[in-house]
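S.K.: Structure provided below as C-alpha cells; questions to follow.
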Amino acid sequence: MATRSPHPLATAWLAARGWKPFAFQRAVWKALAQGHSGLLHATTGAGKTYAVWLGALQAFAQASKAPAQAPLEAPAQAPPSRRKPAAAPLTVLWITPMRALAADTLKALQTPLEALAQDHPALARWTVGARTGDTGSAERSAQSRQLPTVLVTTPESLSLLLARADARELLGSVRLVVADEWHELLGNKRGVQLQLALARLRGWSPQLSVWGMSATLGNLDEAMQTLLGLDDHGQPRPGVLVQGQVDKRLVVDTLLPDRPERFSWAGHLGLAMLPAVVRELEATAGSTLVFVNVRSQAELWYKALLEARPDWAGLLAIHHGSLDRGVREWVEAGLKAGTLKAVVCTSSLDLGVDFLPVERVLQIGSAKGIARLLQRAGRSGHAPGRPSRITLVPTHSLELVEAAAARAAVR
1 MATRSPHPLA TAWLAARGWK PFAFQRAVWK ALAQGHSGLL HATTGAGKTY AVWLGALQAF
61 AQASKAPAQA PLEAPAQAPP SRRKPAAAPL TVLWITPMRA LAADTLKALQ TPLEALAQDH
121 PALARWTVGA RTGDTGSAER SAQSRQLPTV LVTTPESLSL LLARADAREL LGSVRLVVAD
181 EWHELLGNKR GVQLQLALAR LRGWSPQLSV WGMSATLGNL DEAMQTLLGL DDHGQPRPGV
241 LVQGQVDKRL VVDTLLPDRP ERFSWAGHLG LAMLPAVVRE LEATAGSTLV FVNVRSQAEL
301 WYKALLEARP DWAGLLAIHH GSLDRGVREW VEAGLKAGTL KAVVCTSSLD LGVDFLPVER
361 VLQIGSAKGI ARLLQRAGRS GHAPGRPSRI TLVPTHSLEL VEAAAARAAV R
C-alpha cells in the first residue's frame, strides 16, 4: 500500500507537472504546517518560491478544515451567504526588494493558487495582488477598500500602509510574511525598515510566521536571527533553518582582450571589448543578459551594440529601474518568450525573475562582490539540472586579476 503524503496539496500540484519535491521543500512544508518561522537558503532556480508558497497554501487549507489542529491559523472568515463569497482578508505579505521582481512574483503565486482553488473551496476566495511604485491609482483605490488575500509589496510600500490611520484594520489579519531575496535587505536601511514593520505586525498578531528566502547568504544563523528578531524577554526567536542541497553546475570564464599587452590600465566603460562581446553574442543560440553596474553604462552599451549590429534592432533591449513600467514589462516578456537576442541591464534584473530561455550572462566590469556575481550567474540556466554560465568581461587590466580571483573564490 502506498504511503499517503503528509502534504497532499503541494505534492499533487507538483506531480501534475511531472515534478517531484526536493527534500528541502518537504522540510519547509513541515515547518510551515507546524507554524514555525525560519530561513530557506537554496541555490538559484531550485524552487524556493514553491517551497514556501505551496507549504503556506497547504497549511491554510488545512487550517480551514480543522482550525484547532492547525498552528498556522487562517484569519476569521465572514459567515457564508447566498451571494458571491467575498474575498478572504489579507493573510500573506510577500516582501520583494524590487519593483521589477513584483510582477514576476505575482504570476508565480497566482498559477498554483488558481489550479488548487478548483479543488479546495477554502482557497477559492483567495486573491493575489501587488502594491509597489508601479501600482496604478485605480488599483490603489480598490485596495484601499479591500486588500487582496496575498499582497506582494516592497518595504517602502508596506511602511506607507502601516502609516495609515486604519493600519491595524488593514494589516491585523496577516498571518505570514515572506521576505524574498533577504540578502538584498539584510544589513541596510531597507532591511531595518522591514524589521520595524515586522515588530508592529507582531504586536497585532503574536503568532505571526516569518520566512526569509535567499541563495547567496554567508552567516545563515545570523541572517535568520536578524529577520526573526527578539521576543518580549530579549531572547532570539526560535526558527527553522532549511538549506537546499541541489546540485548546480556553475561555469565562470573570462573574455580576454584580443591584444592583452595593449589593454588599458584604467577606465570602467569597457567599450574596447565591444567586438569581442559581439562575437560572443553571435555564438550564443539563446538569450543573453549583459550586466553593467550603472544606468549610464547600460545606455552606452545598448547604443554601441545597436551601432555594431543594426540588423539586431528589435532583438536587443535595455532594462533598468528608470525606464517606464510598460517598457520594462515588454523586455521581461521578450526574455521569457525567448524572442530577444540580448538585454543590457543593471541590478534591476539581478533577482529571482525566471527567464528560462536565458543561456548565458555577460558581466561588464567588476560585479562588486562574489554574492552578486553568483546571483547574476543564476539568471542563466534558471531551473534545476541546468548549468549556469557567466562570462566576466574586464574593462581594464587590473580587472583581469580580479576575474581570476573571482573564479578561484567560486571554486
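Quick note on numbering: the UniProt record's numbering labels position 26 of the sequence shown as 26, and the sequence is numbered without any gaps.
C-beta: ideal position from N, C-alpha, C; glycine also.
Quick one: give me the first and last residue of the alpha helix (DSSP H) that Met224 is part of.
M.R.: 220-228
S.K.: Helix, strand or coil for Met98? Go by DSSP, reduced to three states.
M.R.: coil
S.K.: Using only the alpha-carbon positions, how far apart do Thr391 and Ala165 sit?
M.R.: 51 Å
S.K.: Going by the beta-carbon positions, is the gap between Trp126 and Val152 smaller than 8 Å?
M.R.: Not in contact: Trp126 and Val152 (Cβ atoms no closer than 8 Å).
S.K.: Give me, in chain order, the residues of the same chain whose beta-carbon lies closer than 8 Å to that of Arg295; leave out the 5 immediate sequence neighbours on both sides.
M.R.: His320, Gly321, Ser322, Thr346
S.K.: Roughly how many angstroms lie between the CA atoms of Glu402 and Ser366, to the nearest whole one?
M.R.: 8 Å
S.K.: Taking the alpha carbon of Thr254 as the point to measure from, which residue in Glu332, Glu399, Val343, Tyr302 has its own alpha carbon closest?
M.R.: When only C-alpha atoms are compared, the closest one is Glu399.
S.K.: Quick test of your reading: Phe22 and Gly212, contact by CB under 8 Å. State the CB separation rounded to the nearest angstrom.
M.R.: So it is not a contact: roughly 18 Å between Cβ atoms.
S.K.: Who are the Cβ neighbours of His340 in its own chain at under 8 Å, not counting the five residues just before and after it?
M.R.: According to the sequence as given, residue 340 is Leu; it is not His. Correct list, in chain order: Ser287, Leu315, Leu316, Ala317, Val331, Gly334.
S.K.: Are there 16 or more other CB atoms within 10 angstroms of the CB of Lys189, so buried, or fewer, so exposed?
M.R.: exposed
S.K.: Can you say whether Trp265 is buried or exposed, counting buried as having 16 or more other CB atoms within 10 angstroms of its CB?
M.R.: exposed
S.K.: Can you round the beta-carbon distance between Arg200 and Leu162 to whole angstroms, since I take them to be within the 8 Å contact cut?
M.R.: 6 Å
S.K.: Just how far apart, CA to CA, sit Pro387 and Leu281?
M.R.: 18 Å
S.K.: Would you check if the distance between the CB atom of His36 and the CB atom of Val178 is smaller than 8 Å?
M.R.: Between His36 and Val178, the gap from beta carbon to beta carbon reaches 8 Å or more.
S.K.: If you draw a straight line from the alpha carbon of Ser81 to that of Asp119, how long is it in whole angstroms?
M.R.: Annotation note: pLDDT 48 at Ser81 (below 50); position unreliable, coordinate value reported separately. If I take the Cα positions, the gap works out to 20 Å.
S.K.: Can you tell me whether Ser157 is buried or exposed? The criterion is at least 16 other CB atoms within 10 Å of its CB, across all chains shown.
M.R.: Within 10 angstroms of the beta-carbon of Ser157 lie 16 or more other beta-carbons, which makes it buried.
S.K.: Just reading off the beta strand (DSSP E) that Thr391 is part of, what are its end residues?
M.R.: 388-393
S.K.: Ordered along the chain, which non-local residues of its own chain (more than five positions away) have a Cβ less than 8 Å from that of Leu300?
M.R.: Leu269, Leu271
S.K.: Please list the terminal residues of the continuous beta strand (DSSP E) segment that includes Ser214.
M.R.: 209-214
S.K.: With distances taken between CB atoms, is the gap from Arg175 to Leu39 smaller than 8 Å?
M.R.: no
S.K.: Opposite His41 in the DSSP bridges: which residues?
M.R.: Ser214, Gln243
S.K.: So if DSSP puts Gly129 in a beta bridge, which residue, or which two residues, is it bridged to?
M.R.: Leu151
S.K.: Could you pull the DSSP bridge partners for Leu250 from this structure?
M.R.: Ser388
S.K.: Once you ignore the five residues that flank Glu184 on each side, which residues in its own chain have a CB closer than 7 Å to its CB?
M.R.: Pro97, Leu351
S.K.: Which partner residues does Leu116 have in the DSSP bridge list?
M.R.: Paired residues: none, contrary to the question.
S.K.: Report the option in Ser205, Val192, Gly191 whose CA atom is closest to the CA atom of Gly172.
M.R.: Ser205
S.K.: Measuring alpha carbon to alpha carbon, tell me which of Ala130, Ala87, Pro155, Gln195 ends up nearest Ala124.
M.R.: Ala87
S.K.: Mind checking whether Leu32 and Gly55 have CB atoms under 8 Å apart?
M.R.: yes
S.K.: Given this structure, state the Cα-to-Cα distance separating Gly234 from Gln297, to the nearest angstrom.
M.R.: Whole-angstrom Cα-Cα distance: 47 Å.
S.K.: Using only CA atoms, which one of Gly47, Ala42, Val290, Thr43 lies nearest to Lys20?
M.R.: Gly47
S.K.: Hey, how far is the Cα of Pro121 from the Cα of Ala115?
M.R.: Whole-angstrom Cα-Cα distance: 12 Å.
S.K.: I'd like the list of long-range same chain contacts for Arg389, defined as Cβ closer than 6 Å, with 5 residues on each side in sequence excluded.
M.R.: Val251, Arg360, Ser380
S.K.: If Leu256 sits next to Ala308, beta carbons under 8 Å apart, how far is it from one beta carbon to the other, in whole angstroms?
M.R.: In fact, because the Cβ distance is near 19 Å, the residues do not count as touching under 8 Å.
S.K.: For the alpha helix (DSSP H) containing Glu329, list its first residue and its last residue.
M.R.: 325-337
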